[in-house]
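Asks: Got a structure for you, questions after.
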Amino acid sequence: ETGVTQSPTHLIKTRGQQVTLRCSSQSGHNTVSWYQQALGQGPQFIFQYYREEENGRGNFPPRFSGLQFPNYSSELNVNALELDDSALYLCASSPGPYGSYEQYFGPGTRLTVT
Amino acid sequence: KQEVTQIPAALSVPEGENLVLNCSFTDSAIYNLQWFRQDPGKGLTSLLLIQSSQREQTSGRLNASLDKSSGRSTLYIAASQPGDSATYLCAVFNSGGSNYKLTFGKGTLLTVNP
Numbered sequence: 006e007t008g009v010t011q012s013p014t015h016l017i018k019t020r021g022q023q024v025t026l027r028c029s030s031q032s033g034h035n036t037v038s039w040y041q042q043a044l045g046q047g048p049q050f051i052f053q054y055y056r057e058e059e060n061g062r063g064n065f066p067p068r069f070s071g072l073q074f075p076n077y078s079s080e081l082n083v084n085a086l087e088l089d090d091s092a093l094y095l096c097a098s099s100p101g102p103y104g105s106y107e108q109y110f111g112p113g114t115r116l117t118v119t
Numbered sequence: 142k143q144e145v146t147q148i149p150a151a152l153s154v155p156e157g158e159n160l161v162l163n164c165s166f167t168d169s170a171i172y173n174l175q176w177f178r179q180d181p182g183k184g185l186t187s188l189l190l191i192q193s194s195q196r197e198q199t200s201g202r203l204n205a206s207l208d209k210s211s212g213r214s215t216l217y218i219a220a221s222q223p224g225d226s227a228t229y230l231c232a233v234f235n236s237g238g239s240n241y242k243l244t245f246g247k248g249t250l251l252t253v254n255p
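If you're matching them up, the sequences are chains A and B in order. Taking our numbering, the leading residue of the first sequence gets 6, the next gets one more, and so forth. Taking our numbering, the leading residue of the second sequence gets 142, the next gets one more, and so forth.
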């Protein structure tokens with residue numbers, strides 16, 4: 006059984022640029038959630054996708070957007086990058102969208118904005 | 142709004158000690174609580190998941206308890222080893238309107254000295 010994978014591992018971007026991060030969910034999982042973890046902080050929920058639809062969103066501006074594909078993999082897009090967007094971006098997959106399901110996290114993408 | 146607090150922020154112990162990490166949350170309407178381990182710059186590894194109807198879960202040297210009514214959980218690590226050195230994160234999955242996301246604490250940085 007393949008776990009959650011994310012790409013790329015590391016990324017360096019310049020302020021104002023756009024970035025796309027990718028996540029492949031664990032086999033059999035139809036839900037992907039994205040989290041942002043700043044240095045020294047706990048992860049903060051960005052949004053969740055369930056069966057290709059956004060199912061919930063945290064307190065992040067619209068320049069953070071996402072997609073989920075028919076194979077349940079997902080993308081996180083961030084436009085007009087700001088220095089504060091520098092963080093570890095984590096995706097988690099689960100067999101369903103609600104709290105009764107355990108979340109399985111990927112290794113993360115480290116984004117640095119200069 | 143759910144808030145999760147972890148005490149202490151950092152802990153340093155000699156190898157072989159038993160130790161307790163604490164987690165508290167403000168809203169007791171939760172589906173479950175998860176404890177995670179995070180190595181520096183890496184993703185999250187799930188250690189234990191406690192459903193709201195359960196009081197505790199055990200895995201090897203780890204034991205997690207949950208007192209939902211008082212909004213508290215503890216992670217007990219027996220006979221600590223240098224390999225246990227990591228950040229330990231507690232997270233809760235709310236029921237109700239925002240029942241699609243985990244809310245995390247900031248973590249406890251554990252160092253086990255040989």
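Where is the CB? At the ideal position from N, CA and C, for every residue including glycine. All values derive from a computational prediction rather than experimental measurement.
#1: Just to confirm, is the Cβ distance from GLY63 of chain A to TYR172 of chain B under 8 Å?
#2: Taking C-beta pairs closer than 9 Å, name the residues in chain A that LYS247 of chain B reaches, listed in chain order.
#3: Shorter than 8 Å from the beta carbon of ASN60 of chain A to some beta carbon of chain B?
#4: If contacts are defined as beta-carbon pairs under 8 Å, then ALA227 of chain B and ASP180 of chain B qualify, I think. What distance do you get, rounded to the angstrom?
#5: For the ligand NAP, I want to know if PHE166 of chain B counts as a neighbour, meaning its beta carbon is within less than 7 Å of at least one of the ligand's heavy atoms.
#6: Is it buried or exposed for THR7 of chain A, if we count other Cβ within 10 angstroms and need 16 for buried?
#7: I need the DSSP call for ASP90 of chain A, collapsed to helix, strand or coil.
#8: Using CA coordinates, which residue listed in A:ALA85, A:LEU44 and A:TYR40 is at the minimum distance from TYR241 of chain B?
#9: From the DSSP output, which residues share a beta bridge with PRO155 of chain B?
#10: Assign GLY71 of chain A to one of three DSSP states: helix, strand, or coil.
#11: With 8 Å set as the bound, which would you pick, yes or no: does the beta-carbon of TYR229 of chain B sit closer than that to a beta-carbon of chain A?
#12: In whole angstroms, what separates the C-alpha of GLY212 of chain B from that of PHE52 of chain A?
#13: Using the C-alpha atoms, what's the distance from SER78 of chain A back to PHE234 of chain B?
#14: Does any C-beta atom of chain A lie closer than 8 Å to the C-beta of ASN173 of chain B?
#15: Under a CB-based cut-off of 8 Å, is TYR241 of chain B close to chain A?
#16: Kindly list the residues whose CB is nearer than 8 Å to the CB of SER236 of chain B, restricted to its own chain and excluding five residues on each side of it in sequence; keep chain order.
#17: Could you tell me whether the Cβ atoms of ILE196 of chain B and LEU203 of chain B are closer together than 8 Å?
#18: Please classify LEU243 of chain B as buried or exposed, where buried requires at least 16 other C-beta atoms within 10 Å of its C-beta.
Replies: From the atom records:
#1: Against a cut-off of 8 Å, the Cβ pair of TYR172 of chain B and GLY63 of chain A comes out as no contact.
#2: Under a criterion of Cβ atoms nearer than 9 Å, the residues of chain A adjacent to LYS247 of chain B are, in order, GLY45, GLN46 and GLY47.
#3: Answer yes: the Cβ-Cβ gap between ASN60 of chain A and chain B drops below 8 Å somewhere.
#4: Contact flag correct, Cβ pair sits at about 5 Å.
#5: What this structure holds is no ligand at all, so the ligand NAP is not there to describe.
#6: With fewer than 16 other CB atoms across the displayed protein chains lying within 10 angstroms of its CB, THR7 of chain A is exposed.
#7: It is helical.
#8: When only C-alpha atoms are compared, the closest one is A:TYR40.
#9: In the DSSP output, where bridge partners are listed per residue, PRO155 of chain B has B:ASN254.
#10: GLY71 of chain A: strand per DSSP, three-state reduction.
#11: It does not: the Cβ of TYR229 of chain B has no partner Cβ on chain A nearer than 8 Å.
#12: Roughly 25 Å separates the two Cα atoms.
#13: So the alpha carbons of these two residues sit roughly 22 Å apart.
#14: Judged by the 8 Å Cβ criterion, ASN173 of chain B is in contact with chain A.
#15: So yes, TYR241 of chain B belongs to the interface.
#16: Cβ neighbours of SER236 of chain B beyond the five flanking positions: ALA170, ILE171, TYR172 and SER193.
#17: Per the sequence presented here, residue 196 of chain B reads as Arg, with Ile not at that position. Cβ atoms of ARG196 of chain B and LEU203 of chain B: not closer than 8 Å.
#18: With 16 or more other Cβ atoms inside 10 Å of its own Cβ, LEU243 of chain B counts as buried.
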